[in-house]
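Asks: Sequential numbering of the sequence shown, starting at 1, is according to UniProt numbering. Following this message is one structure expressed as structure tokens.
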Amino acid sequence: MEDFTADVEGDSLLASVELDDIGVEQEPLEDCHILDENTRLSSDKIPVPTTFPDFPYPIPYSQQISLMRSVYQTLEEARCGLFESPTGTGKSLSLLIASLRWLLDRNSLIPIRLKELNKHLHEIDSQSVRLEPDWVTAYEQTRSVKRMLEPEIEQLEAVKSCLSKIADLKASYFKQSSQLLNACVTQKLDKQYSELYGQSNLSCIDLSTDDPMEELFLSDSLHEEPLSPEETNPDDALSKPKITQIIYCSRTHSQLNQVLDELSKCQTLSAHISVIQLSSRQTLCTNRKVYHLQHSEAINEACLDLGRSKSRCPMRNAPAIKRLSDYLLSGASAPQIACSVRENNYSNLFGKRSNSLFPHRPQSADFIATRIGCPYYATRESLPTAQLVLVPYATVLQQKTRAAFGLTLANSILIIDEAHNLLEATTASLSVLLKLRDLQCVLIVLRTYQQHYRARLSSLVALRLRQLIQFVQSLQRLLLLPNRNRLTNQKVVTIPLMLSEAGIDNISLHHLIDCLRQRHFVTKLAGFAKWVSAKSGNDFPSIEDETIEKYDGSRSSLPTGMKSLLAGMKRSRGDMVNKPQIRSTLTEASSVCSNSKPPDFSTNNLDGASSSLFKFQSFLEALVIGEDDARILINPSQQNMKNQSEVQLNSKDEQLDAKDPSLYFTVLNPGRYLQDLVRESRCVLLAGGTMQPFDELLQQVFQPAGKSTDNVTTFTCDHVIDSRCQLKVFPIVETRDGQPLEFTFQQRGQLHVMDECGDIILQIALRTPAGVVVFLPSYDYQQTLCSHWESSGLLSRLNQHKRVFREPKHASILSQVMQAYKNANTNTRTGAILICVIGGKLSEGINFSDDLARAVVIVGMPYPNPHCPLLREKMAYLDSKFSGLGTLLSQQNPGRQHCETLCMRSINQAIGRAVRHAKDYAAVFLVDRRFSRASVIRQLPSWVQESLRLCVGTRSQFAVSLSEALEQLDTFFSKNKSVVTKMEQT
């Protein structure tokens with residue numbers, strides 16, 4: 001009978017037999033019992049632990065225990081979750097411990113499950129042997145049950161094998177390090193290395209040479225060249241994960257490094273968990289000729305070009321990649337390895353003795369980099385075996401980026417930390433800002449390329465070039481030659497309306513994108529621009545008259561084709577200007593363009609033309625993939641835009657310059673692009689210090705993805721401080737003479753309002769023993785307020801008591817200002833004042849603990865500008881899209897709720913800057929009449945509400961006079977200082 005069970009031909013024969021035709025009836029196998037048992041085993045739930053021994057400190061806070069238990073239970077039930085834990089409560093550590101402990105507990109059941117399944121299979125075989133008279137029926141029933149069990153057994157065996165490999169690697173960290181060191185110091189492969197490295201065709205990325213390179217940049221065909229497996233299907237290039245992965249996301253790599261530091265404190269977890277931190281080629285590439293290109297898109301294209309060439313990148317050799325992959329899984333850090341290779345300093349990897357082993361010569365450095373291998377591809381190689389994957393937001397928010405990194409969400413736990421601004425971060429990742437200067441760069445590159453290769457282009461390439469030039473020119477006219485009644489107005493339009501208004505709705509965007517993508521044409525254009533710039537000995541020209549006149553072709557190094565092109569452009573522009581019907585329009589448009597600087601094409605980098613070309617390609621791609629919520633903000637001329645929040649531009653690196661006409665692509669419903677994360681993952685957990693109100697995330701992300709409110713865990717907890725003793729919250733709603741304090745956009749610029757604001761801050765500063773942090777609604781109001789105080793003498797009075805610092809608008813000097821503020825608080829007895837902006841760089845992510853912020857003053861409520869056209873468009877869209885859900889979850893319309901959420905989260909983030917640990921204490925002043933509203937109070941964190949109600953007392957209104965607040969302030973500071981002193985002494 002055992003021989004027959006392996007009979008493949010018998011399977012085919014039995015598949016064609018109708019069991020009903022068999023004459024002898026037999027009692028069926030007791031497979032019901034087997035299936036019931038199978039179901040019971042798979043549905044067993046792990047009990048939620050009451051304690052977590054992995055916690056690295058003696059006694060966790062009760063808030064941490066509650067958070068860890070809630071996260072553990074959510075994962076076990078395969079639910080999604082929203083978790084709010086105030087800053088300073090050890091949120092990240094709690095998330096790590098709970099999720100990793102659940103993963104290890106779940107993995108520990110795999111051997112038990114396998115044993116049970118194999119036992120069932122043995123029982124099935126034994127039962128079928130006993131039923132000899134009707135062997136056909138017995139065999140068919142046995143086969144049907146085995147079909148149900150064997151796939152699961154195979155999967156569990158693969159997982160078990162992978163977990164065994166992880167255990168072996170984690171136990172052999174020093175062995176892996178020694179093997180890598182031995183590979184670096186071994187000289188046996190010197191000859192092989194020289195042949196490999198010397199023959200590598202790196203000229204395709206070395207754009208600094210002055211030798212003629214016309215053939216390199218020529219794209220005479222749009223037929224796609226063969227792609228590497230990584231490009232055709234990234235998922236096939238890597239085996240899909242066989243194990244359950246926890247994908248942990250945060251905003252920046254520095255925050256992910258802090259997560260690694262937290263994990264290193266938990267020895268019982270870090271010793272058994274394989275960790276990989278995903279980074280881009282720009283961070284991990286160790287090929288000098290590639291990462292020196294600086295621009296991320298250029299680095300990606302250069303790396304892929306080397307992968308397609310016959311002589312591959314020497315760092316990407318299979319033995320080194322495999323060796324480095326094992327080293328990473330054993331506990332090494334890929335960014336640290338890449339940094340060591342780039343700096344040619346290996347003491348962090350192999351100890352101080354490595355400096356004496358490795359000679360400091362460029363060729364030796366290249367050899368060592370080759371033997372170590374490429375950290376980027378080693379990370380990709382080790383990704384399927386990683387149990388914890390650390391990634392920044394940008395890596396997971398878009399499907400294209402996930403595919404490029406080989407990241408798979410199926411059967412994964414996705415944890416997004418610092419998720420309070422997740423929707424805004426998603427909007428920023430999908431948005432594209434294309435300035436007029438970028439269009440000018442792209443146009444001159446396209447025209448020059450067309451002229452230089454005009455006799456050698458195929459008809460299809462020539463057609464696509466003409467279409468690209470026409471498309472760019474039409475976008476320029478949209479910005480430079482608008483209707484007179486629109487010259488001073490921004491406008492928000494849909495994609496079809498913009499294309500129609502520009503007169504380019506008859507051009508296929510797909511054809512243009514294919515032209516730029518195929519054979520890496522956009523990269524060739526970038527290289528061509530740099531080559532021409534280097535050959536000419538000057539920066540690449542602008543198309544403005546003044547620049548063209550200076551670039552008159554007198555330089556012998558300028559290619560003849562460019563001379564003809566520039567002369568022709570000058571003649572054609574002169575002819576255009578001479579036409580009476582458009583002379584006045586060009587004069588009007590030139591005033592708009594006069595404030596735009598010509599594009600900078602430095603011969604030392606690709607940040608000029610390449611940046612503009614890649615932005616243009618991203619803009620085209622955004623137009624194609626845009627859904628019905630996609631909008632274009634047309635900014636044709638100077639606008640009196642007050643601050644970044646008025647246009648809802650979330651990128652900190654780029655802002656809509658009022659003096660620079662631009663096109664800004666954005667989306668109105670970022671939650672739509674997060675729904676795939678919810679559908680594909682096993683669980684999605686969103687955590688942050690200020691997550692409430694939850695309604696917006698429930699409406700826009702979870703409910704459209706099929707998760708009802710019952711299937712989403714919501715968790716909130718109090719702060720680790722005693723908010724009744726260590727926190728004071730005072731709503732100041734009136735002046736000393738009883739006039740209401742209103743810092744609305746219409747009222748806050750009045751002189752008496754600014755005087756009252758300064759007086760309140762002065763009185764608070766006089767009673768506060770150390771640092772005072774003031775948050776204002778915008779940078780413009782900060783400038784207006786400080787200018788008025790300076791003229792009125794109030795600023796000098798403030799400086800007499802505490803030195804006043806201001807948050808800079810530009811990040812370049814932010815660290816210097818912060819360091820000066822810290823020194824002023826540390827080195828002086830009086831402390832200092834720091835005037836910040838809500839929603840700015842200091843309102844989140846900055847630690848104002850202890851004496852850096854004994855008092856926090858929030859002036860006004862930072863509602864976004866209601867006159868912003870993009871905000872009005874978004875509110876109308878949300879009202880039309882989510883009005884049905886809004887009535888179920890809240891009393892407000894979704895558009896109005898969006899504004900409330902933006903405002904209150906910013907306020908809650910600012911409050912959370914002050915109290916950072918269990919021994920900390922601070923006073924918070926909410927200076928505005930609107931802070932007395934019950935609807936506003938309800939949106940504050942519960943621990944803040946508790947303190948506020950104690951300060952207000954039995955009053956019917958949520959308000960405290962300034963004099964009463966100052967009286968309570970003296971007692972508050974003296975009492976807490978003595979308590980902290982006693983705690984430190986014990």
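Beta carbons are placed, not taken as given, at the ideal position from N, Cα and C, and that holds for glycine.
#1: When the Cα atoms are used, what is the spatial distance from Phe973 to Arg854?
#2: To the nearest angstrom, how far is it from the Cα of Lys265 to the Cα of Glu152?
#3: On the premise that Met861 lies in contact with Ile907, defined as a C-beta separation below 8 Å, what is that separation, rounded to the nearest angstrom?
#4: Could you give the uninterrupted runs of the beta strand (DSSP E) lying entirely in the region 34-113, keeping only those of 3 residues or more?
#5: What do you get for Glu150, buried or exposed, if any count of 16 or more other CB atoms within 10 angstroms of its CB means buried?
#6: Quick one: which unbroken beta strand (DSSP E) runs of 3-plus residues sit fully inside the region 380-444? Chain order, please.
#7: Between the C-alpha atoms of Ser978 and Thr89, what's the straight-line distance to the nearest angstrom?
#8: Identify whether Met576 lies in helix, strand or coil by the three-state DSSP scheme.
#9: Compare the beta carbon distance of Pro335 and Leu260 with 8 Å and say whether it is the shorter of the two.
#10: Who are Glu734's beta bridge partners in DSSP?
#11: For Ala765, which residues in the same chain have their Cβ closer than 7 Å to its Cβ, ignoring the five residues on either side in sequence?
#12: Identify, in the order they occur along the chain, each residue of the same chain with its Cβ nearer than 7 Å to the Cβ of Asp676, setting aside the five sequence neighbours on each side.
#13: Just curious, the beta strand (DSSP E) that Tyr346 is in, first and last residue?
#14: Should Ala369 be labelled buried (16 or more other beta-carbon atoms within 10 Å of its own) or exposed?
#15: Among Val774, Tyr781 and Ile911, which residue has its Cα nearest to the Cα of Gln746?
#16: In whole angstroms, what separates the C-alpha of Leu525 from that of Val729?
#17: Would you mind reading off the limits of the alpha helix (DSSP H) that contains Ala820?
#18: With distances taken Cα to Cα, identify the nearest neighbour of Gln968 among Ser108, Ser270 and Cys951.
#19: To the nearest whole angstrom, what separates the beta carbons of Val442 and Leu613, a pair I think is in contact under 8 Å?
#20: Identify every residue that forms a DSSP beta bridge with Asn635.
#21: To the nearest angstrom, how far is it from the Cα of Thr826 to the Cα of Asp850?
#22: Once the 5 residues before and after Arg679 are set aside, which same chain residues still bring their CB inside 6 Å of it?
#23: By DSSP, does Gly503 sit in helix, in strand, or in coil?
#24: When the Cα atoms are used, what is the spatial distance from His810 to Ala462?
#25: Can you find the residues in the same chain that come closer than 7 Å, C-beta to C-beta, to Val159, ignoring five residues on each side of it along the sequence?
#26: Report the CB separation of Gly839 from Pro86 in whole angstroms; it is logged as a contact under 8 Å.
#27: Can you give the Cα-Cα distance for Ile444 and Leu668, rounded to whole angstroms?
#28: Name the two residues that bound the continuous beta strand (DSSP E) containing Cys868.
#29: If distances are taken between C-alpha atoms only, which option among Ile415, Lys881 and Ser508 comes closest to Ser250?
#30: When we look at the beta-carbon of residue 1013 and count the other beta-carbons within 10 Å, is it buried (16 or more) or exposed?
#31: What is the DSSP secondary structure of Asn201, reduced to helix, strand or coil?
#32: Where do the N-terminal and C-terminal ends of the beta strand (DSSP E) with Gln245 fall, by residue?
#33: Taking all protein chains shown into account, do 16 or more other C-beta atoms lie within 10 angstroms of the C-beta of Leu751, making it buried, or fewer, making it exposed?
#34: Would a C-beta distance cut-off of 8 Å place Gln255 and Glu418 closer than the cut-off?
#35: Does at least one heavy atom of the ligand HEM sit under 7 Å from the Cβ of Tyr921?
#36: Give the straight-line distance between the Cα atoms of Gln617 and Pro53, rounded to the nearest whole angstrom.
Replies: So, to answer that:
#1: One-based indexing of the sequence shown puts residue 973 at position 973. One-based indexing of the sequence shown puts residue 854 at position 854. Rounded to whole angstroms, Phe973 to Arg854 spans 9 Å at the Cα level.
#2: To locate residue 265, count along the sequence shown from 1; it is residue 265. To locate residue 152, count along the sequence shown from 1; it is residue 152. If I take the Cα positions, the gap works out to 36 Å.
#3: Against the sequence shown, residue 907 aligns to sequence position 907. Against the sequence shown, residue 861 aligns to sequence position 861. Confirmed, Cβ separation roughly 7 Å.
#4: Listed in chain order, they are 80-84.
#5: As a first step, residue 150 is located in the sequence shown; it is residue number 150 there, counting from the start. Burial call: exposed.
#6: Runs of the beta strand (DSSP E) lying entirely within the region 380-444 and spanning at least 3 residues, in chain order: 388-392, 412-416 and 432-435.
#7: Within the sequence shown, the letter at position 978 stands for residue 978. Within the sequence shown, the letter at position 89 stands for residue 89. Rounded to the nearest whole angstrom, the C-alpha separation of Ser978 and Thr89 is 23 Å.
#8: Start at 1 with the first residue of the sequence shown, and residue 576 comes out as number 576. Reliability of the predicted coordinates at Met576 is poor, the pLDDT of 40 falling under 50, and the value obtained from them is presented with this limitation in mind. DSSP places Met576 in the helix class (H, G or I) of the three-state scheme.
#9: As a working note, residue 335 is residue 335 in the sequence shown. As a working note, residue 260 is residue 260 in the sequence shown. No.
#10: One-based indexing of the sequence shown puts residue 734 at position 734. Answer by DSSP bridge pairing, in chain order: Pro740.
#11: In the sequence shown, the residue the question calls residue 765 occupies position 765. Cβ neighbours of Ala765 beyond the five flanking positions: Val772, Leu798, His801, Lys802 and Ile833.
#12: Along the sequence shown, one-based indexing puts residue 676 at 676. So the qualifying residues of the chain are Gln399.
#13: Position 346 of the sequence shown, counted from the start, is the residue given in the question as residue 346. Under the DSSP assignment, Tyr346 falls outside any beta strand (DSSP E); it carries neither an H nor an E label.
#14: Against the sequence shown, residue 369 aligns to sequence position 369. Around the C-beta of Ala369, 16 or more other C-beta atoms lie within 10 Å, and the residue is accordingly described as buried.
#15: If you number the sequence shown from 1, residue 746 lands on position 746. Comparing Cα-Cα distances from Gln746 to each of Val774, Tyr781 and Ile911, the minimum goes to Tyr781.
#16: Here residue 525 refers to the residue found at position 525 when the sequence shown is read from its first residue. Here residue 729 refers to the residue found at position 729 when the sequence shown is read from its first residue. If you take the alpha carbons of Leu525 and Val729, they lie about 59 Å apart.
#17: For the purposes of this step, residue 820 is taken as residue 820 along the sequence shown, with counting starting at 1. For Ala820, the enclosing alpha helix (DSSP H) has its first and last residue at Leu814 to Asn827.
#18: In the sequence shown, the residue the question calls residue 968 occupies position 968. Among Ser108, Ser270 and Cys951, the Cα nearest to that of Gln968 is on Cys951.
#19: Numbered from its first residue, the sequence shown carries residue 442 at position 442. Numbered from its first residue, the sequence shown carries residue 613 at position 613. Cβ-Cβ separation between Val442 and Leu613: approximately 6 Å, consistent with a contact (criterion under 8 Å).
#20: Here residue 635 is taken as the residue at index 635 of the sequence shown, counted from 1. For Asn635, which the question treats as bridged, DSSP gives the partners Ser662.
#21: Here residue 826 refers to the residue found at position 826 of the sequence shown. Here residue 850 refers to the residue found at position 850 of the sequence shown. The alpha-carbon atoms of Thr826 and Asp850 are separated by roughly 11 Å.
#22: Here the question's residue 679 lines up with position 679 in the sequence shown. Residues Ala705 of the same chain have their beta carbon placed closer than 6 Å to that of Arg679, with the five preceding and five following residues left out of the count.
#23: For this step, residue 503 is matched to residue 503 along the sequence shown. Looking at Gly503 - three-state DSSP - the assignment turns out to be coil, as it is neither helix nor strand.
#24: The residue labelled residue 810 in the question sits at position 810 within the sequence shown. The residue labelled residue 462 in the question sits at position 462 within the sequence shown. Going by C-alpha positions, His810 is about 44 Å away from Ala462.
#25: The count along the sequence shown starts at 1 and reaches residue 159 at position 159. Spatial neighbours of Val159 in its own chain (CB-CB distance under 7 Å, excluding positions within 5 residues in sequence) are listed in chain order as Ile110, Lys242 and Ile243.
#26: As a first step, residue 839 is located in the sequence shown; it is residue number 839 there, counting from the start. As a first step, residue 86 is located in the sequence shown; it is residue number 86 there, counting from the start. With a Cβ gap of about 19 Å, Gly839 and Pro86 do not count as contacting.
#27: Residue mapping note: residue 444 aligns to position 444 of the sequence shown, counting from 1. Residue mapping note: residue 668 aligns to position 668 of the sequence shown, counting from 1. Distance between the alpha carbons of Ile444 and Leu668 is about 33 Å.
#28: Taking the first residue of the sequence shown as position 1, residue 868 is located at position 868. It is not in any beta strand (DSSP E) - Cys868 carries neither H nor E in the DSSP assignment.
#29: Numbered from its first residue, the sequence shown carries residue 250 at position 250. Nearest option by C-alpha distance: Ile415.
#30: The chain is shown only over 1 to 986; residue 1013 falls outside these bounds and no answer can be derived.
#31: Position 201 of the sequence shown, counted from the first residue, corresponds to residue 201. Summary for Asn201: the model assigns pLDDT 40, below 50, so the residue's position carries little reliability; its value from the coordinates is reported in the next sentence. Three-state DSSP puts Asn201 in coil, outside helix and strand.
#32: The count along the sequence shown starts at 1 and reaches residue 245 at position 245. For Gln245, the enclosing beta strand (DSSP E) begins and ends at Gln245 to Ser250.
#33: In the sequence shown, the residue the question calls residue 751 occupies position 751. Of the other Cβ atoms in all chains shown, fewer than 16 fall within 10 Å of the Cβ of Leu751; this residue is therefore exposed.
#34: On the sequence shown, residue 255 is found 255 positions in, with the first residue counted as 1. On the sequence shown, residue 418 is found 418 positions in, with the first residue counted as 1. Yes, the Cβ-Cβ distance between Gln255 and Glu418 is below 8 Å.
#35: In the structure shown, the ligand HEM is absent, as is every other ligand, since no ligand is present at all.
#36: Within the sequence shown, the letter at position 617 stands for residue 617. Within the sequence shown, the letter at position 53 stands for residue 53. The alpha-carbon atoms of Gln617 and Pro53 are separated by roughly 52 Å.
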